[in-house]
Ligand code: G3P
Ligand code: CA
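In UniProt numbering, the protein residues as written are 1 to 282.
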C-alpha cells in the first residue's frame, strides 16, 4: 500500500516548523501554518509573574541570549531577550550555513517573530488562521506541572475559556488538545474541562500501560518514536483499547513510513513540509 492510500494522518509541527525557524517562536509557527501543518505543538511554562510562555527547557540558556530559569524570570525579562539568533549560530556551527528562514519571507518580521512567545499570542495566531479559513489545531504540552501544584493547568484553562476553546463539542472538532507526561496534570485538565481532548505522552511503556490502557479519561496516546521502533505491536494494542495514537518526534522518511504502516493518527515532526510531501498531502 502506498502512503497516499493510507488514512489521513495529522501532521503536527513540533515547536513550530522548528527545523527551519527557531523553535517556539512566532516565526516557526507562521512557517508551519504556511507549510500546511494540520496542528502546532508547543510546550508551556509559567513565568515568575504567572504568564504562560512557550519554552521547552527549564532554562532559557539554550534558546535565547539570556540565562536563568523561566520560573525565576518575569515576562518583561523574557521579552527583552532574543529567541532567534541561537538557531543561526547553531545551524552555522553544525551545517556551515545559515538557516532557511534567514533572507526568506520571514526576514523583516524577525524582531516580533523571534521574541518570547506567550501562549496567548499563539492562541491568537490559531484563531486568526482559523478565521481566515486555514484550519489549524494546537497541541499544548504542560511542562513539569508538578512544580506548580495546579497553577499551570489553572492558567491554561482560564486562557482557553477566554478564547472559547475549553468546551469543544467533540474531539474531532476541538481546535485544542492538552498533552503531558504527567497523568496528574491531565487529570486536573479533565476535572475542569471534561470535553477537552487529552494526550498522555510516554517515553517508555510503563508496566501499568503495557496492555494499551491509559489513565482514566485519556483518549489519545502519545508514544515516543523509540517505543514504536522497539514495540511496533503497541500501536495495535493502543488502538484496540480505543485510543488514537500521536507519535513524536518523527523526522526521517523511514520513520514516517513506519508510522503510516502502523496506522498512527498523528505524526509530530520538526519538518512538517517534508512529511506532508512524503504523505502526498502537498
Ligand atoms: O510532543 C511531545 C514531545 O514534544 C515530547 O517531548 O521533549 O520535545 O517536549 P519534548
Ligand atoms: Ca513538547
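Cβ atoms here follow ideal geometry from the backbone N, Cα and C, with glycine treated the same way.
These figures come from a predicted structure and were not determined experimentally.
query	result
Local conformation of residue 117 per DSSP, three classes	coil
Sequence ranges, alpha helix (DSSP H) only - wholly within the stretch 200-235, length at least 4	225-230
Of the listed residues 180, 172 and 235, nearest to residue 153 (C-alpha basis)	180
Secondary structure of residue 19, DSSP reduced to three states	coil
Three or more C-beta pairs below 8 Å linking the stretch 159-167 and the stretch 205-214	no
Secondary structure, beta strand (DSSP E): runs of 3+ residues fully inside the stretch 43-103	52-54
Residue 268 beta carbon near ligand 1 (any heavy atom closer than 6 Å)	yes
Nearest candidate by alpha-carbon position, reference residue 36, set 182, 210, 15 and 136	136
Chain-ordered list of residues that sit, by beta carbon, closer than 5 Å to a heavy atom of ligand 2	43 and 141
Residue closest to residue 255, alpha-carbon to alpha-carbon, out of 236, 242, 116 and 230	230
For residue 272, three-class secondary structure by DSSP	helix
Of the residues 23, 40 and 73, the one placed nearest residue 86, counting alpha carbons only	23
Pick from 124, 248 and 171 that is closest to residue 30, judged by C-alpha positions	124
Short Cβ contact (7 Å threshold) for residue 51 with residue 81	no
Residue 259 to residue 244 span [Cα, whole Å]	13 Å
Enclosing alpha helix (DSSP H) for residue 184 [first to last residue]	183-192
Any alpha helix (DSSP H) of 4 or more consecutive residues that is wholly inside the stretch 235-266	253-262
Residue 74 beta carbon near ligand 1 (any heavy atom closer than 6 Å)	no
Range of the contiguous beta strand (DSSP E) that encloses residue 151	Element bounds for residue 151: not the beta strand (DSSP E) but the alpha helix (DSSP H), 151-162.
Cutoff 7 Å; reference residue 106; Cβ partners in own chain excluding five residues on either side	Confidence at residue 106 is low in this model, with a pLDDT of 46, below 50, so its placement is unreliable and the value that follows should be read with caution. 21, 27, 31 and 113, listed in sequence order.
Buried or exposed (CB count within 10 angstroms, at least 16 for buried), residue 194	exposed
Cβ-heavy atom distance, residue 124 to ligand 1, below 6 Å	no
Any non-hydrogen atom of ligand 1 within 6 Å of residue 252 CB	no
Residue span of the alpha helix (DSSP H) that contains residue 37, given as start and end	It is not in any alpha helix (DSSP H) - residue 37 carries neither H nor E in the DSSP assignment.
Reference residue 131; option with closest CA among 184, 175, 116 and 140	175
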